[in-house]
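As structure tokens, the structure follows; a few thoughts come after it.
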Amino acid sequence: MKIFESLLTDADQISGYFSKEVKAKYDMIKKINEQLDGRIDSINMLLNRADIILSCNDKKDSQGGQSAKSITVKQKEIIELNIKGCNVEEIANRLSIPKGEVKLILDLYKNQPDIT
Numbered sequence: 000m001k002i003f004e005s006l007l008t009d010a011d012q013i014s015g016y017f018s019k020e021v022k023a024k025y026d027m028i029k030k031i032n033e034q035l036d037g038r039i040d041s042i043n044m045l046l047n048r049a050d051i052i053l054s055c056n057d058k059k060d061s062q063g064g065q066s067a068k069s070i071t072v073k074q075k076e077i078i079e080l081n082i083k084g085c086n087v088e089e090i091a092n093r094l095s096i097p098k099g100e101v102k103l104i105l106d107l108y109k110n111q112p113d114i115t
């Protein structure tokens with residue numbers, strides 16, 4: 000009888016341990032999902048901004064306005080700070096804009112350096 004009690008006690012301890020581990024993994028997954036949701040929101044925001052910029056440039060082109068290669072003051076600031084040696088994080092902090100937006104603008108600039 001004592002053997003069964005010992006086995007039950009051991010089984011109870013093991014199930015408690017597994018329960019704690021499962022909860023820890025669940026909490027970890029929940030935290031990762033929240034971080035991914037935040038990143039997805041940031042990406043969607045950047046895509047929306049890029050779409051707006053592209054549509055504005057398309058309208059200007061169709062109206063005979065500035066070329067599609069023109070850039071905003073903020074974009075020019077980002078490029079100038081990068082040329083001065085600031086990295087993406089420093090530029091984002093200085094201009095209070097998301098790092099993803101800074102990286103996007105710099106990547107676009109590197110692909111088309113004749114933009115002014």
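Here numbering that gives the first Met the number 0 is used: position 3 in the sequence shown is 2, and no number is missing along the way. We treat Cβ as the ideally placed atom computed from N, Cα and C, and that holds for glycine.
Nearest-angstrom Cα distance between residue i and residue j?
i, j, result
"Lys19", "Leu45", "39 Å"
"Lys129", "Gly37", "In the structure as shown, the chain starts at 0 and stops at 115, and residue 129 therefore has no counterpart that could be examined."
"Glu88", "Ile96", "10 Å"
"Arg48", "Asp11", "56 Å"
"Lys24", "Leu35", "16 Å"
"Ile2", "Phe17", "22 Å"
"Ile70", "Ile51", "13 Å"
"Ile31", "Met0", "47 Å"
"Tyr108", "Met27", "38 Å"
"Asp9", "Glu33", "36 Å"
"Ser5", "Gly15", "15 Å"
"Cys55", "Gly84", "30 Å"
"Asn92", "Asn110", "24 Å"
"Lys22", "Leu7", "22 Å"
"Ile78", "Ile13", "58 Å"
Since residue i contacts residue j with CB under 8 Å, what's their CB separation in whole angstroms?
i, j, result
"Asn81", "Leu105", "6 Å"
Could you please give the first and the last residue of the uninterrupted alpha helix (DSSP H) stretch that includes residue i?
i, result
"Gln74", "72-82"
"Asn92", "87-94"
Measure the CB-CB distance between residue i and residue j and report whether it falls below 8 Å.
i, j, result
"Leu94", "Glu76", "yes"
"Gly99", "Ile39", "no"
"Ile90", "Val72", "no"
Return the chain-ordered ranges of every alpha helix (DSSP H) run that is complete within the segment 18-50 and spans a minimum of 4 residues.
none
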